[in-house]
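These notes concern the structure reproduced below.
Below, the structure is given as structure tokens:
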């Protein structure tokens, strides 16, 4: 019932709540969003970032948790910051971007470097500790050991490669030591346990493994594998809790929780409420409890604490489903279908159990397919309205995502990107062939990279689709890398500046495959004026081209929805999210023929 989420603190799982950061009081118009936060080790300070109008260019502030007042310093340009507090909370390492005007035009979107800030001092004097002379596209992550001695920096180049560096803070002026560099793999989640730290990596393990690193001898030849790669599940994340390691793993695109001893031997699994997704997993060495965030297609986001000693599960503020929504009336199943090249693809299907499979059900096919992002069970507030009225929702796990490990991701990136579109088109064909829907009743939707997906699908197979929702999309893949932060995505897509990459990008670029005289399906394309990720030019020029070239009449419109005072989606106030969901729902209902009587 408020435009922005509020950050609360609580003394223990069952204690009283107290609001710490309420963005609705900052600006008074609902357009200020809380982007991220990092509590100090002692819990007395909170570093947090806020931004305006969805632009995600956070300003860092430090809150005194006890008094509820901010320290005087404010540090701008802290978008997506990574931050590591000193053990005594007297300062922190953090990342920030350069100020416009201090670098060549466009450079303000890159060169994310690491600095050190001492509380109470002028941020302008903050010492740069890492990043000088490196690739402007590096995305840095910071981790400090509990005793403050060791600083680990992960430098990611895209979503498939990371380098790791280590610094002994005892010797401030000594250079960082490379732990691993030049290896085409990911090294993530550095987590300290006394005199060693763990890494999650897909190096020589596409489904990931956990390794132990001695910071005094950090060379990979000295690493020890603690939790080996699983043949049937992807190891997504791990935390230390008490004297064990708790892992979040994905098996067939759904979550499971496992507990291992520090030597890697398996202790037990923790059952989850159903076919769902662990959205967060938090713990700390020495504390035998973990906090879990959880959701499913029929369960809104909830949180609970697991006592690792007793196995007891203590719920924390579960959110109720939509009013009047009966989760037991919804059938959730997972099927597999063959893609164009025969690769089996899994897909979730949601429908009311009594909906007949006679090809008449209005169906929304939604997917993403890129950047190692997994599409797993997730409650969306607008879904019950569609399902209760006899609609179907289909969510396939396309190549390019992370559901089945790094090999799955790489099979849908760069020169293999057409695999993603083939997987999506094959899902549409399977739904029609198996009586779930028909081409006239099938809507496709995607946002961002998913907008590219539906743009490619509608230009390659316009005959297969009854309506298209294309949100904040990339559509001109020949020139995309010239705008906003898009050079960060070159490792995922490639760049048309390279001759080979130009060929595969041009071969599928939706903007370049709009064909005059084709009757394109009704299409709703969205963008936002403050989108600092994907330039609105993609949506605008694609809309204009489709409107000029389509042979469809007034019953097959090409529409552009441009939002003011909003960005790529992060930080969008509730009132705007409701309005957009209403427009999308009514668009699909109108053009797919869903009965939308009041209930």
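In my numbering, the protein residues as written are 3 to 601.
All C-beta atoms in this analysis are idealised placements derived from N, C-alpha and C, irrespective of residue type, glycine included.
**Asked** Taking residue 187 as the reference, which of 194, 154 and 222 has the closest Cα?
**Response** Selected option, being the one with the closest Cα: 222.
**Message:** Do residue 524 and residue 469 have their beta-carbon atoms positioned less than 8 Å apart in this structure?
**Reply:** If you check the CB distance, residue 469 and residue 524 come in under 8 Å.
**Item:** Beta-carbon spacing of residue 368, residue 394 below 8 Å
**Value:** Contact: no.
**Message:** Counting beta carbon pairs with one atom in the stretch 397-413 and one in the stretch 372-379, are three or more of them shorter than 8 Å?
**Reply:** Touching, yes, given that three or more Cβ pairs across the two stretches are closer than 8 Å.
**Prompt:** Under the DSSP definition of a beta bridge, which residues are partnered with residue 98?
**Reply:** Per DSSP, the beta bridge partners of residue 98 are 115.
**Prompt:** Excluding five sequence neighbours on each side, which residues of the same chain lie with their C-beta closer than 6 Å to the C-beta of residue 78?
**Reply:** Counting only Cβ-Cβ distances below 6 Å, and skipping sequence neighbours, we find 61.
**Message:** Just verifying my parser: in three-state terms, what is the DSSP assignment at residue 384?
**Reply:** In the three-state scheme derived from DSSP, where H, G and I count as helix and E and B as strand, residue 384 is classed as coil.
**Request:** Please report how far the alpha carbon of residue 268 lies from the alpha carbon of residue 318, in whole angstroms.
**Result:** Each residue's CA atom was taken as its position, placing residue 268 and residue 318 some 28 Å apart.
**Asked** Could you give the C-beta distance for residue 279 and residue 298, rounded to a whole number, given that I count them as a contact under 8 Å?
**Response** About 7 Å separates the beta carbons of residue 279 and residue 298, which is inside the 8 Å limit, making them a contact pair.
**Message:** Going by DSSP, what residue range makes up the alpha helix (DSSP H) through residue 460?
**Reply:** Where residue 460 is concerned, the enclosing alpha helix (DSSP H) stretches over 451-462.
**Request:** Determine the DSSP secondary structure at residue 191, reduced to helix, strand or coil.
**Result:** Three-state DSSP puts residue 191 in a strand.
**Item:** Rounded C-alpha distance that separates residue 358 from residue 443
**Value:** Rounded to the nearest angstrom, the two C-alpha atoms are 14 Å apart.
**Message:** Output needed for residue 327: all residues of its chain with C-beta closer than 6 Å, excluding positions within five of it in sequence on either side, in chain order.
**Reply:** Close CB contacts of residue 327 within its chain, under the 6 Å cut and outside five residues either way in sequence, are with 386 (chain order).
**Prompt:** With distances taken from CA atoms, which of 565, 117 and 46 is nearest residue 64?
**Reply:** Of the candidates 565, 117 and 46, the one whose C-alpha sits nearest the C-alpha of residue 64 is 46.
**Asked** What residue ranges within the stretch 456-525 form continuous alpha helix (DSSP H) runs of no fewer than 4 residues, ordered along the chain?
**Response** Counting only runs of 4 or more, we get 492-495 and 501-510.
**Message:** Do residue 168 and residue 217 have their beta-carbon atoms positioned less than 8 Å apart in this structure?
**Reply:** Going by C-beta atoms, residue 217 is nearer than 8 Å to residue 168.
**Asked** Can you pull the DSSP bridge partners for residue 50?
**Response** Per the DSSP secondary-structure output, residue 50 pairs in a beta bridge with 39 and 63.
**Request:** Could you pull out every residue in the same chain whose Cβ sits closer than 6 Å to the Cβ of residue 503, ignoring the five residues on either side in sequence?
**Result:** Closer than 6 Å at the Cβ level, and outside the excluded window around residue 503, lie 496 and 497.
**Between the CA atoms of residue 487 and residue 306 - distance to the nearest angstrom** = Approximately 36 Å, taken between the alpha carbons.
**Prompt:** In the DSSP assignment, what are the bridge partners of residue 173?
**Reply:** DSSP links residue 173 through a beta bridge to no other residue.
**Prompt:** According to DSSP, what are the bridge partners of residue 272?
**Reply:** In DSSP, residue 272 forms a bridge with 259.
**Asked** Taking Cβ positions, are residue 456 and residue 447 nearer each other than 8 Å?
**Response** In contact: residue 456 and residue 447 (Cβ atoms closer than 8 Å).
**Prompt:** When the Cα atoms are used, what is the spatial distance from residue 93 to residue 121?
**Reply:** The straight-line gap from Cα to Cα measures roughly 5 Å.
**Prompt:** How about residue 76 and residue 42: are their beta carbons less than 8 Å apart?
**Reply:** Contact: no.
**Asked** CB residue 2 to CB residue 209, shorter than 8 Å?
**Response** Any answer about residue 2 is impossible in this case: the structure gives the chain only from 3 up to 601.
**Prompt:** What number of angstroms, rounded off, separates the C-alpha of residue 321 from the C-alpha of residue 20?
**Reply:** If I take the Cα positions, the gap works out to 18 Å.
**Euclidean distance between Cα positions of residue 440 and residue 551** = Cα-Cα distance, rounded: 25 Å.
**Request:** Select from 312, 211 and 575 the residue whose C-alpha is nearest the C-alpha of residue 54.
**Result:** It is 575.
**6 Å CB neighbourhood of residue 490 in its chain, flanking five on each side removed** = Around residue 490: 139.
**Asked** Is it a yes or a no for the stretch 347-356 touching the stretch 466-483, going by three-plus beta-carbon pairs under 8 Å?
**Response** Contact check between the stretch 347-356 and the stretch 466-483: fewer than three CB pairs, one atom from each, fall below 8 Å, which does not count as touching.
**Asked** Beta-carbon separation of residue 145 and residue 86 under 8 Å?
**Response** For the 8 Å CB-CB criterion, residue 145 and residue 86 form a contact.
**Request:** For residue 336, name the three-state secondary structure that DSSP assigns.
**Result:** Note: residue 336 maps to strand in three-state DSSP.
**Request:** Would you kindly check if the distance between the Cβ of residue 171 and the Cβ of residue 137 is under 8 Å?
**Result:** No; because the gap between Cβ atoms is not below 8 Å, this pair is not in contact.
**Message:** Bridge partners for residue 280 per DSSP, in chain order?
**Reply:** In DSSP, residue 280 forms a bridge with 296.
**Item:** Same chain, Cβ closer than 8 Å to residue 58, neighbours up to 5 away in sequence not counted
**Value:** Excluding residues within five positions, the ones whose Cβ falls inside 8 Å are 37, 81, 82, 534, 535, 569, 570, 572 and 573.
**Range of the contiguous beta strand (DSSP E) that encloses residue 72** = Residues 71-77.
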